[in-house]
Each structure stands twice: as structure tokens, then as C-alpha cells.
Amino acid sequence: QKATVEVLDHLEHLALVDFRDAEGVERLQKAIQFADQLHEVNTDGVEPMDSVLEDRCLYLREDDVTEGNCTNELLKNAREKVEEYFVAPPGNIPLPKLEERETFLQGS
Amino acid sequence: AAARGCRGVWRRAWQRGAGGPAPAPRGQRAVACNARGGAVPAGKSGLAPWVPVVGLEIHAQISSNSKLFSGSQVQFAAAPNSLVSFFDASLPGTLPVLNRRCVEAAVMTGLALNCSINKRSLFDRKHYFYADLPAGYQITQQRVPIAVNGSLSYSLCIDNKMSQMVTKTVRIKQIQLEQDSGKSLHDDTRNQTLVDLNRAGVGLMEVVMEPDMCCGEEAAAAVRELQLILQTLGSSQAVMAEGQLRVDANVSVHHPGEHYGVRTEVKNINSLRFLAKAVDYEIQRQIEELENGGTILNETRAFDSKLGCTVPMRDKEGKQDYRFMPEPNLPPLILYDAKSLPANMNHQQVVNVDWIHERLPDLPSVKRAKLVERYGILPEHSFTLLNEDGLTEFFENVVKQTRMKPKKVIGWILNDLLSYLKQHSLIVKESPVTSFLLADLLNLLEKKEISSTAAKQVLAELWKGEGKTPFEIVKEKKLELIQDQKELEQICQAVIDGQENEVIMMVLG
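So the sequence lines, in the order shown, correspond to chains A and B.
Residue numbers are given in full-length UniProt numbering: position 86 of the first sequence equals residue 86, and the series is strictly consecutive.
Residue numbers are given in full-length UniProt numbering: position 288 of the second sequence equals residue 288, and the series is strictly consecutive.
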């Protein structure tokens, strides 16, 4: 399976990664190849496993208030704050379309 | 299209169709649903009728002390970022720990809505970027939710009269547990967003209703019944004004016999009234658009309550890819019943569906049936009683304290008490006339010490809340019925004497 420019562009939009150069794309390509080996196993009739924890008991917590009340500590991490609010940009700034942004993928 | 206001759309909708009725007066439904449930509003003469299809996604905040996956408190209107744990802020090294109470709330709700409870359900991550979602994903149940395939019955009045009610059912596709996000406050003047994470991580039950509804009134009635059920169960306080119950509507239209049309999602609906308006507006907008040869975009629209219309939400990002993946930090959620109960497990770790089922309170529909049976009132009366917080209790208290038949008492409750409360925007709890005072008054009436007209006068006095008893008011205003036979004869004679001519006319026939 080859990672097409469309897929790479889609990934850059979704995950805000920057493949940067041919080496970055090649690294992804190798990772896909590595994972594709899974297809060699016949899994007909086998339930997919998504966690090694699947047989463990999901611990249930009592509904008690045991945390919170640490506003100052949390706000220490904020680059900018207003009173006790975190400050963020006005909205999501989507990555410009492939044709409109400077990316290694343009040339591919 | 931008210049055309919402009022223009309403008026055109009503004028369409040969000899159509005048523009809908306020309070009347714009889209009439026929008895079979499919709405068939008049199209342009010659064109086929339209069938609107409405589905709902409802998010109800779980009523619990702490959050779904952390021990920080759940509380409305607290100091910003004071109810936030390290996990809620998505600091590295923190893990989700499931709150048992939230699981029980979801099971209760699933059972009340006739769902199959999945004894094994799974958690997933739904990824998207937004400032109030610190982790960059929401933990939800996309693959296998906790409850599926239920139903909700609700009632509607036909023709806006309370005298004829029809029962409808909407299928519940599923109920899933998921996290709420934080709150964003948009500061346009300084071009920034202020983020408060107090709400981030609060437990939600998402209830998905299949597109079995056909107009705004049905949608509002279904949500109202769900609200009453949630409040009865205590699984959610479901107060829309406080954001504890949020509704998104999915709306589309198609011609009978054809496949479903493209649907739009309508968000930002803050009350039942606006829900009905938003849905009806969107149906009408889509019909107009299609009849004018346009197409419907599969988009998200926001309801503008001031203008009474829906507008496209600025969505520069295109279709979202949520990259669902299993939540690796949470094993499957296993629920038990009487049969599968494990012998050696700590009670605290076990959620027994049968145990919860046995302890479900009477649902609104059962309560109504009991009221009708016990007191001989009409079904529509029972709806009104349950619809007003505290009214059923008030009614039952009056009945307990008076000899007047419940069938008569209900008239005083619904016609006099309730209309007064509505006029003055009071809730039952705030009524200056207590159940004790009303019962007192009705006893005077029942003992024939006063007439019904006099009773209404006394009631008017009681509203003033001056602390006088009905008996005192009757004495003060001399409203007692005269019981003395001789006195009555004297009065009648005096009237006859004073109207000689009329008497002669009557005798002559």
C-alpha cells in the first residue's frame, strides 16, 4: 500500500503533522509496510482484540468528590490567562488547502 | 435568500396551496401532522406533498457528585477552573477511572426506555481539535454502547385542544456514556476565547432517537416526556436552561414513496419552544429550497432564536474525520444480572441490572394512569398535573383535606389555581394559596355555606396572600348563602312585589 498525496494531505490536516521532507514520507511508508504484515495472518472467525486488558475487571469508583480545587496550579501551565480562564485563539485555524500552503507534499 | 427574513418564509408557506389559510396565528403549528403520523403539508399546486423526517440526538448531563472519569465535583456556575482535576486538564500521566454512579444512571435510563442493556460495552476515543477539549479526543461509546433498541411513548393534543390526545412512539437507537467538554467563552473584542474546564469530563448520556418524528411539536413532546422520565429516575435533572439537557435535531424531507432526502443537523436549541420552532422552520426552509429547484447541503446549522430561523454554522474545516479508536486505558464494561452475579466479587464492583430494574420508580406514564384510576380524572388532566412541578402533590393534598370529589377538585386546580400561577409566572411552590387554604375553601363550598361564585371571589382574595382564612373572608364580605327559609321567602316576595308588571306578564304566559 502506497501512501498517496491525498492521504498524506489528509493526515497533515487531521493530526497537524508536517512530513517535512522525503525522509519523513519514507518513514511513514516503512511504518505502513511493517503494519501490513498483520494481513498475512488469517483471522477468519477470530474476535479482534483491542486491548490486553480485555479480561481485566474495569474498576468502578465510588461517586465521591476527591479532586479539583487546584485552579492556581493548573493555571501555572497557561501561557496566557484572563482572571481564572485559560486563553485560546478565537477558533480553530484550519490548515490551508494543499494548493495554498507551503508543504513538501506540493512537489510529490 | 439572505435578505428574506424568517417571517417571509412563514407567510409564503401558508399562502401556498389553493385557498390556503391565513398566516399561522401564534401558537398554532405551522406543519400539520395527520393522524397516521406523516406530515403532509400542501405543496405548490401540482407538486407532490412532502414528508418531513425528524430525528434527535439528546445529551443529558448525569446527576452525580463527581465526573465520569475523575473525582472532581459536578456543579453549575462555580468559579472558573475550580472543579478541574489533573485528568480533566489532560495533564500527562493521568488515567480515566469510571464512576459507578454514572453507570447506574445509564442503566436506569436504558431500562426506563425499554432498551436492551449490553452486558458488555466498550469505550472509544473520538478525536477532534478544540480549545475546550484538552485531550484532543472525547471518550465515548461508539462501537458498543451501554443500551440499544428501546422506545419512548409520548402524547400530543390534536387540534391544540386538550380534549383529544393521541399517543406516539419513537424508537431509541441507543444510549451511550460519554464525557462533556469544557466551555468556551468567545471574546470577540479581544479576538480570543476564554476556556473554563469545570464542565470538562462531566458524565453525559447521549440518547439517540430514530427519525420517527415528523414535526416540531412531536419533537418537543418526545423531549418533554424524556425530560420527565429522567427527572423521575433522578439520572439527570434535565434542566435545559442550565445546559443539563441539550438537543440536536436532524431534519430532512422527501416525497412519499421516495427515499429519504439529504438531512441537516440543527444545533444551539435552548428550550422546548425553540426546538419546535427550529424544526418547523428547517422543514419549511428545505421544502421551499427544493420546490424552487435548489438542493439541500448535508450541513450543520444553528438556530437563531431572535430571528426564529436556522443559519449555516461557519464550518471551514469540511467533513470531520474523528479517527475512532478503542480507548486503550479502559477494559470492557461488564454488567451483571441475578443469574450471572459472580460469587466472590466485591459488591462495590458489581452493577446488577436486575437489582436496578426492581428499584425503578413509577415512570410518568404509570403515575398518570394511577391518578386517572384513583381519582377518576381525565387522562389529559393527569398530563397537566405531571407537567407542572409540584402540582400533583398539591392536588393530592387538597383531595386529602376535603370531602369534595376529586373530579370536582381537579377543576379548581387546573382552571383557577393553575391559570393564576401562569398569569403571575409563579411555580406551584410559590403559590400564596396553599393546599390547606384551598381545601378549606372547597369545604365551605361543599357544605353549601357559599355559592360557587362566592368561592371564586374568596379565592381572588386569598391570592393576595394577606393571611386571612376563607372563613374570615366570607364573613368580611358577607358571602354566606342564606339558609333561613323565612328570610329567603321575604327576599323573593320583595322582588316579586317590586316587579309587578313583569310578574303579570309571566303569569299570563
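For glycine and all other residues, C-beta sits at the position ideal for the given N, C-alpha and C.
Meets three-Cβ-pair contact criterion under 8 Å: the region 284 to 291 of chain B and the region 220 to 239 of chain B: no
Whole-angstrom Cβ separation of leucine 194 of chain B and valine 82 of chain A, contact assumed at under 8 Å? On the second sequence, position 194 is the one that residue 194 of chain B refers to. On the first sequence, position 82 is the one that residue 82 of chain A refers to. With a Cβ gap of about 6 Å, leucine 194 of chain B and valine 82 of chain A count as contacting.
Could you work out which residue in B:Cys215, B:Phe383, B:Asp362 is closest to arginine 273 of chain B when comparing CA atoms only? Here residue 273 of chain B refers to the residue found at position 273 when the second sequence is read from its first residue. Here the closest residue by C-alpha is B:Cys215.
Less than 8 Å separating the beta-carbons of glutamine 73 of chain B and serine 63 of chain B? Residue 73 of chain B sits at position 73 when you count from the first residue of the second sequence. Residue 63 of chain B sits at position 63 when you count from the first residue of the second sequence. Against a cut-off of 8 Å, the Cβ pair of serine 63 of chain B and glutamine 73 of chain B comes out as no contact.
Taking only three categories from DSSP, how would you classify alanine 35 of chain B? For the purposes of this step, residue 35 of chain B is taken as residue 35 along the second sequence, with counting starting at 1. Model confidence at alanine 35 of chain B stands at a pLDDT of 38, short of 50, so the residue's coordinates are unreliable; what they give is reported in the following sentence. Residue state, collapsed to three classes: coil.
I need the boundaries of the beta strand (DSSP E) containing residue 118 of chain A, first residue and last residue. Shown here, chain A extends from 1 to 108; a query on residue 118 of chain A therefore has no answer.
Valine 65 of chain A CB to nearest chain B CB: under 8 Å? Indexing the first sequence from 1 puts residue 65 of chain A at position 65. Cβ-Cβ to chain B under 8 Å: yes for valine 65 of chain A.
Members of the region 257 to 282 of chain B that neighbour chain A once the beta carbon cut-off is set at 9 Å: none
Is leucine 417 of chain B closer than 8 Å to valine 399 of chain B when the C-beta atoms are compared? Indexing the second sequence from 1 puts residue 399 of chain B at position 399. Indexing the second sequence from 1 puts residue 417 of chain B at position 417. Not closer than 8 Å, so no.
Which residues in the same chain have their Cβ closer than 8 Å to the Cβ of tyrosine 336 of chain B, if we skip the five residues on either side of it in sequence? Numbered from 1 along the second sequence, position 336 holds the residue referred to as residue 336 of chain B. Once the five neighbours on either side are set aside, the close Cβ partners of tyrosine 336 of chain B are Lys119, Pro342, Val350, Val351, Asn352, Val353.
Under the three-state reduction of DSSP, which class applies to asparagine 191 of chain B: helix, strand or coil? If you number the second sequence from 1, residue 191 of chain B lands on position 191. Reduced to three states, the DSSP call for asparagine 191 of chain B is coil.
With a threshold of 8 Å between beta-carbons, can asparagine 34 of chain B be considered close to chain A, or not? Within the second sequence, numbered from 1, the residue matching residue 34 of chain B stands at position 34. Residue placement at asparagine 34 of chain B is poorly supported in this model, since its pLDDT is 45, which falls under 50; the coordinates still yield a value, given next. Output row for asparagine 34 of chain B: interface = no.
What are the boundary residues of the alpha helix (DSSP H) that tyrosine 281 of chain B is part of? Locating residue 281 of chain B in the second sequence gives position 281, counting from the first residue. Start and end: 272 to 291.
Which residues of the region 191 to 210 of chain B have a Cβ closer than 9 Å to any Cβ of chain D? Give them in chain order. Looking for chain D here will not work: the only protein chains present are A and B.
Given a cut-off of 8 Å on the beta-carbon distance, is the pair phenylalanine 19 of chain A and phenylalanine 104 of chain A in contact? Taking the first sequence and counting its residues from 1, the one referred to as residue 19 of chain A is at position 19. Taking the first sequence and counting its residues from 1, the one referred to as residue 104 of chain A is at position 104. The answer is yes: Cβ separation under 8 Å.
Neighbour list for valine 87 of chain A in chain B, Cβ cutoff strictly below 7 Å: As a working mapping, residue 87 of chain A is identified with position 87 in the first sequence. Think of a sphere of 7 Å around the beta carbon of valine 87 of chain A: the chain B residues whose beta carbon falls inside it are Gln192, Leu194, in chain order.
Chain A contact for alanine 60 of chain B (CB, 8 Å cutoff): In the second sequence, the residue the question calls residue 60 of chain B occupies position 60. For alanine 60 of chain B, the answer is no, since every Cβ of chain A falls outside 8 Å of its Cβ.
I want to see whether chain B comes within less than 8 Å of glutamate 12 of chain A, judged by CB atoms only; does it? Translated into positions along the first sequence, residue 12 of chain A becomes position 12. Cβ-Cβ to chain B under 8 Å: no for glutamate 12 of chain A.
Inter-residue Cα distance where the pair is glutamine 138 of chain B and methionine 325 of chain B: For the purposes of this step, residue 138 of chain B is identified with residue 138 of the second sequence, where counting begins at 1. For the purposes of this step, residue 325 of chain B is identified with residue 325 of the second sequence, where counting begins at 1. Using only the alpha carbons, I get a separation of about 11 Å.
Would lysine 2 of chain A count as contacting chain B if we go by Cβ distances under 8 Å? As a working mapping, residue 2 of chain A is identified with position 2 in the first sequence. For lysine 2 of chain A, the answer is no, since every Cβ of chain B falls outside 8 Å of its Cβ.
Counted within 10 angstroms of its Cβ, other Cβ atoms place tyrosine 85 of chain A as buried (16 or more) or exposed: Translated into positions along the first sequence, residue 85 of chain A becomes position 85. Buried: at least 16 other Cβ atoms inside 10 Å.
Outcome for alanine 238 of chain B when other beta-carbon atoms lying within 10 angstroms are tallied against a minimum of 16: Mapped onto the second sequence, residue 238 of chain B falls at position 238. Alanine 238 of chain B comes out buried.
Test: threonine 103 of chain A CB closer than 8 Å to a CB of chain B: Here residue 103 of chain A is taken as the residue at index 103 of the first sequence, counted from 1. So no, threonine 103 of chain A is outside the interface.
Taking valine 84 of chain B as the query, report the chain A residues whose CB atoms sit under 7 Å from its CB, ordered along the chain. Here residue 84 of chain B refers to the residue found at position 84 of the second sequence. The contacting residues are Gly68, Leu74.
Reference tryptophan 412 of chain B; option with closest CA among B:Leu438, B:Trp50, B:Ile450, B:Ser70: The residue given as residue 412 of chain B occupies position 412 in the second sequence. For tryptophan 412 of chain B, the nearest C-alpha among the options comes from B:Leu438.
Nearest-angstrom Cα distance between alanine 30 of chain B and aspartate 280 of chain B? One-based indexing of the second sequence puts residue 30 of chain B at position 30. One-based indexing of the second sequence puts residue 280 of chain B at position 280. With a pLDDT of only 39 at alanine 30 of chain B, under the threshold of 50, the placement of this residue in the model should not be trusted; the figure read from the coordinates follows. Straight-line Cα distance between these residues: approximately 7 Å.
Measure the Cβ-Cβ separation of proline 134 of chain B and alanine 89 of chain B and say whether it is below 8 Å. By 1-based counting over the second sequence, the position of residue 134 of chain B is 134. By 1-based counting over the second sequence, the position of residue 89 of chain B is 89. Yes, these two residues count as a Cβ contact at 8 Å.
Inter-residue Cα distance where the pair is valine 7 of chain A and methionine 209 of chain B: Here residue 7 of chain A refers to the residue found at position 7 of the first sequence. Here residue 209 of chain B refers to the residue found at position 209 of the second sequence. The alpha-carbon atoms of valine 7 of chain A and methionine 209 of chain B are separated by roughly 34 Å.
In the DSSP assignment, find the unbroken alpha helix (DSSP H) run with residue 511 of chain B in it and report its ends. Outside the modelled stretch of chain B, which goes from 1 to 509, sits residue 511 of chain B, for which no answer is possible.
Identity of the residues DSSP links to arginine 125 of chain B by a beta bridge: Numbered from 1 along the second sequence, position 125 holds the residue referred to as residue 125 of chain B. BP columns for arginine 125 of chain B point to B:Ile139, B:Met325.
Taking 7 Å as the cut-off, is the CB of glutamate 26 of chain A close to at least one heavy atom of the ligand ZN? Because no ligand of any kind appears in the structure shown, any question about the ligand ZN cannot be addressed here.
For asparagine 250 of chain B, name the three-state secondary structure that DSSP assigns. The residue labelled residue 250 of chain B in the question sits at position 250 within the second sequence. Asparagine 250 of chain B falls in the strand class under three-state DSSP.
Excluding the five sequence neighbours on either side, which residues of its own chain have a C-beta within less than 6 Å of the C-beta of arginine 199 of chain B, listed in chain order? Here residue 199 of chain B refers to the residue found at position 199 of the second sequence. Result list for arginine 199 of chain B: Asp180, Gly182, Lys183, in chain order.
Through-space distance from leucine 75 of chain A to aspartate 187 of chain B, alpha-carbon basis: Position 187 of the second sequence, counted from the first residue, corresponds to residue 187 of chain B. Position 75 of the first sequence, counted from the first residue, corresponds to residue 75 of chain A. One C-alpha to the other measures close to 19 Å.
Which whole-angstrom value is the C-beta distance of serine 70 of chain B and glutamate 67 of chain A, which I expect to be below 8 Å? Within the second sequence, numbered from 1, the residue matching residue 70 of chain B stands at position 70. Within the first sequence, numbered from 1, the residue matching residue 67 of chain A stands at position 67. At roughly 6 Å, the Cβ-Cβ gap stays under 8 Å, so serine 70 of chain B and glutamate 67 of chain A are in contact.
Show which residues of chain B have a CB atom less than 7 Å away from the CB atom of proline 90 of chain A. On the first sequence, residue 90 of chain A is found 90 positions in, with the first residue counted as 1. Per Cβ cutoff of 7 Å: His186, Asn191, Gln192, Thr193.
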